[in-house]
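The sequence shown begins at -17 in the numbering used here and counts up by one.
For reference, the structure is listed below as structure tokens.
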Amino acid sequence: MEFYGKRTLLTLMDKEKPEQPESPNIHLRLQIQTHRETNEQDLQFSPPRPSIFPQSPWTLSHLPSPPPSLLYHCIASLHRHEGNIYSIAASKGFIFTGSNSSRIRVWKQPDCMDKGYLKSNSGEVRAILAYNNMVFTTHKDHKIRIWNFSVSESFKSKKVATLPKRKNNSLLNFNRTKNNNNAHNYKHKETISCMAYYHSEGLLYTGSHDRTVKAWRIFDGKCIDSFLAHGDHVNAVLVNQDDGCVFTCSSDGSVKIWRRVYTENSHTLTMTLKFQASPVNTLALSSSFNHCFLYSGTSDGMINFWEKERLCYRFNHGGFLQGHRFAVLCVVTVGNNMVFSGSEDTTIRVWRREEGSCYHECLAVLDGHRGPVRCLAACLEMEKVVVGFLVYSGSLDMTFKVWRIKVFCEDENVYLDVVGEKCDGRVKKIREYDMSPVLSPSWVEKKLQGSSPFQ
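Now the structure itself:
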């Protein structure tokens, strides 16, 4: 396993050529790809259907139903001729994608019908965050834009704010650091790589390659705090909605936990997590009433996870998920125990944590991209006895894919299935997927006790 040091894919992407003005002759095209089993006949395409927007360069084709022998299937694949896909977010039945373009594309779940776009004056949308009817986007000009949209027959949106506000271009003073370095500029000096929104307080956190994290109060657009978080690029930031703890990770190889001092609107460092010397590219949090797990994806291909102690804010290292061959670039969680990871090795892995323990299983590997998987979003689909997921993936192969996965449990086995297919009067169980345990404390314990976890 190679260690990349500080020359990670995220840093190499920053050396790309400056954005060129979009030419009307450059068209984006939607291609639909199907996945088939060996010895299956090619599936037939349905006729392409143009977008409902005449000016849109995208067209849409529908995939036929997948053969029942697939554990999962890709239901759509959108292809750009130029430019990378940097970010994906989902809310209220819509998907938002950010790229080199100044347009944030909007798609309807789950079949990716083109619903229009959000138009900005600056492109290179590195991060998108969606919550209810609000969308937050970061741009090449190092500013944050806030949008409202309405869920009606036609998609309608409006830009409601730009941060920082023009009138706030002065210096913001803080009397909080011991070295009296209390002058902080409102605007980030380098690329804004990540965002997190604390719902109950209406605070937006932004992390940047300038190594700082800023906290913005949404209702008045003010920056209430700015602090130097790491010694290198800040790659991810997230907030625990239960207690307001802020988590950040960096190319310096560390994960840090911050708490807000409410009387001062400032933040203080409470804990630093560093298990191995490898850049940390992404974070995800899985929280329930009894358990809270923090996941971090690193450039050595590992996903480390920490479990929170119940009576304090301390996180203990629980193990790591091993399977990716190259850097893990994105991790998202859905529900209490499902984890999805995207990697530089072009694959997406589906993990499940055993309820009430640290034991993790790799359920499936989604292999369809031809380049590093840069960003992920996932949401839940419920169908009677089956738990289904929609997974959206953006890759540096300039494609955006939609995957449908269905999971149901029986005893100790997990089945990923397309339900409803019957054979000889009974439901056909398509395929039983034997789980490969990862290195975690419960797995080690079972191994020491002499019981094989593979049985």
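For every residue, glycine included, the Cβ atom is placed at its ideal position computed from N, Cα and C.
- At the C-beta level, methionine 177 and leucine 100 stay beyond 8 Å of one another.
- Segment contact: the segment 70 to 77 against the segment 102 to 122, three or more CB-CB distances shorter than 8 Å; contact assigned.
- Linking threonine 144 to valine 117 through their CA atoms gives a straight-line distance of about 12 Å.
- In the three-state DSSP reduction, arginine 334 falls in the strand class (E or B).
- Within the same chain, Ser104 come within 6 Å of aspartate 123 by CB-CB distance, once the 5 residues on both sides are set aside.
- When His170, Lys169, Asp234 and Phe131 are compared, the shortest CA-CA separation from glycine 213 is found for Asp234.
- Leucine 311 is classed as buried because its beta carbon has at least 16 other beta carbons within 10 Å across all chains shown.
- Measuring C-alpha to C-alpha distances from methionine 320 to each of Met380, Glu363 and His215 identifies Glu363 as the nearest.
- In this structure, the straight-line span from the alpha carbon of threonine 264 to that of lysine 138 is close to 32 Å.
- CA-to-CA, the gap between histidine 191 and proline 261 works out to about 13 Å.
- For methionine 95, the beta-bridge partners assigned by DSSP are Lys90.
- Contact annotation, isoleucine 67 with glycine 324: C-beta distance approximately 12 Å; criterion of less than 8 Å not satisfied.
- In this structure the segment 178 to 188 lies against the segment 215 to 228, because at least three pairs of beta carbons, one per stretch, are closer than 8 Å.
- Nearest C-alpha to aspartate 93 among Thr252, Arg87 and Ile57: Ile57.
- With 16 or more neighbouring CB atoms inside 10 Å of its own CB, asparagine 82 falls in the buried class.
- For arginine 193, the secondary structure class from DSSP, reduced to helix, strand or coil, is coil.
- Annotation: the continuous beta strand (DSSP E) that includes phenylalanine 76 extends over 76 to 81.
- Within the same chain, Lys238, Ile239, Tyr295, Arg296 and Phe297 come within 8 Å of methionine 253 by CB-CB distance, once the 5 residues on both sides are set aside.
- Taken through DSSP and simplified to helix, strand or coil, arginine 127 comes out as strand.
- Shortest Cα-Cα distance from cysteine 357 to any of Ile70, Asp379, Glu64 and Gly65 involves Ile70.
- Distance from the CA atom of valine 133 to the CA atom of serine 73, rounded to whole angstroms, is 10 Å.
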